[in-house]
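The opening residue of the sequence shown carries number 195 in our numbering; numbering runs sequentially from there. Ideal Cβ placement from N, Cα and C applies to all residues, glycine included. Keep in mind that this is a model prediction, so the values were computed, not measured. Notes follow once the structure below has been shown.
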Amino acid sequence: MREIYSSQVFGIMITTLFYILGDYLYKKTKIPLFSPLLIATILVMGFVYIANINLDSFLTDLSGINVFLGPLIVSLAIPIAQKKDLIKKYLFPITIGSFIGALTSVLSVLILGKVFNLNEDIIISIIPKSASTPIAIEITNRLGGIRAITVAVVVISAVLGAMIIPILVKMFKIKNPLIIGMGLGVSSHAIGTAKALEIDSTAGAISGIALVISGIFTVLITLFL
195 MREIYSSQVF GIMITTLFYI LGDYLYKKTK IPLFSPLLIA TILVMGFVYI ANINLDSFLT
255 DLSGINVFLG PLIVSLAIPI AQKKDLIKKY LFPITIGSFI GALTSVLSVL ILGKVFNLNE
315 DIIISIIPKS ASTPIAIEIT NRLGGIRAIT VAVVVISAVL GAMIIPILVK MFKIKNPLII
375 GMGLGVSSHA IGTAKALEID STAGAISGIA LVISGIFTVL ITLFL
């Protein structure tokens with residue numbers, strides 16, 4: 195049985211299964227807390243702990259999935275190409291909003307990290323929290339951070355943003371899809387974009403564009419760190 199647990203095929207299959215389960219729960223409930231990414235992460239953590247599997251071995255078993263991270267980063271350019279007319283119409287506010295969002299995210303981590311006297315490795319790992327997971331991982335790898343922490347904070351920030359922003363939208367009666375899309379795309383990337391699509395199709399399109407542009411700005415900003 196131990197040999198089965200430690201096989202690469204089993205690792206990929208169980209991770210995929212947990213994600214499908216999370217996706218099913220989210221589609222049934224529409225509750226952001228049941229995000230497929232969050233559910234799969236929690237279930238994998240529980241499985242590794244209960245089955246007493248060596249974490250390093252398990253991560254090595256999942257190395258096949260990492261092959262897709264590079265192409266996934268490149269594929270983020272697709273939403274920009276598909277929504278070029280929308281970009282032309284809202285190019286200035288999207289660009290400025292994405293830049294301010296990315297800069298604020300990075301600076302807040304640096305400032306709060308120093309205030310709370312966090313270890314340098316922890317600060318570096320949290321810096322790309324508002325970028326999508328593939329981009330955040332690449333930034334962490336370049337800066338020398340801890341990938342596991344990066345993935346965790348990316349998921350947490352995305353889920354929290356997808357939960358809180360819709361509440362704020364209702365509270366302040368925000369109707370402009372540009373504002374809704376920018377807020378969700380910049381702060382909650384892919385999960386936020388999925389939520390934006392549920393609210394309004396235009397907000398979803400803007401969110402998709404914002405997550406890509408803010409991710410690019412995050413990469414550029416971290417080049418100076």
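The alpha helix (DSSP H) enclosing residue i, as first and last residue numbers
{"i": "S326", "result": "That residue, S326, is in no alpha helix (DSSP H); it is neither H nor E in DSSP."}
{"i": "G338", "result": "That residue, G338, is in no alpha helix (DSSP H); it is neither H nor E in DSSP."}
{"i": "A245", "result": "Careful: A245 lies outside any alpha helix (DSSP H) and carries neither H nor E."}
{"i": "P273", "result": "A271 to Q276"}
Residue i vs residue j beta-carbon contact at 8 Å
{"i": "T334", "j": "I318", "result": "yes"}
{"i": "S324", "j": "S381", "result": "yes"}
{"i": "A342", "j": "G379", "result": "no"}
{"i": "A330", "j": "P226", "result": "no"}
{"i": "P322", "j": "T209", "result": "no"}
{"i": "L215", "j": "I244", "result": "no"}
{"i": "A296", "j": "F212", "result": "no"}
{"i": "A397", "j": "A390", "result": "yes"}
{"i": "P287", "j": "L372", "result": "yes"}
Reference residue i; option with closest CA among the options
{"i": "F241", "options": "H383, G205, F262 and G377", "result": "G205"}
{"i": "Y218", "options": "P230, T210, I208 and V303", "result": "P230"}
{"i": "A275", "options": "T412, I415, L417 and I407", "result": "I407"}
{"i": "A352", "options": "F228, T210 and I208", "result": "F228"}
{"i": "G377", "options": "S395, M365 and I358", "result": "I358"}
{"i": "M207", "options": "V238, I281 and T327", "result": "V238"}
Separation of residue j from residue i, as counted between CA atoms
{"i": "I247", "j": "E314", "result": "29 Å"}
{"i": "V413", "j": "S302", "result": "16 Å"}
{"i": "V203", "j": "P328", "result": "22 Å"}
{"i": "L312", "j": "G409", "result": "24 Å"}
{"i": "G338", "j": "T235", "result": "22 Å"}
{"i": "V309", "j": "I361", "result": "29 Å"}
{"i": "V347", "j": "D279", "result": "33 Å"}
(request) Taking only runs that begin and end inside the region 354-414, name each unbroken alpha helix (DSSP H) of 4 or more residues, in chain order. (result) Counting only runs of 4 or more, we get 371-393.
(message) Report the start-end ranges of each alpha helix (DSSP H) in the region 208-248 that is 4 residues or longer and not cut off at the edges.
(response) Runs of the alpha helix (DSSP H) inside the region 208-248: 230-244.
(message) Just to confirm the assignment: which complete alpha helix (DSSP H) runs, minimum length 4, are found wholly within the region 279-326?
(response) Listed in chain order, the complete alpha helix (DSSP H) runs (minimum 4 residues) inside the region 279-326 are 314-320.
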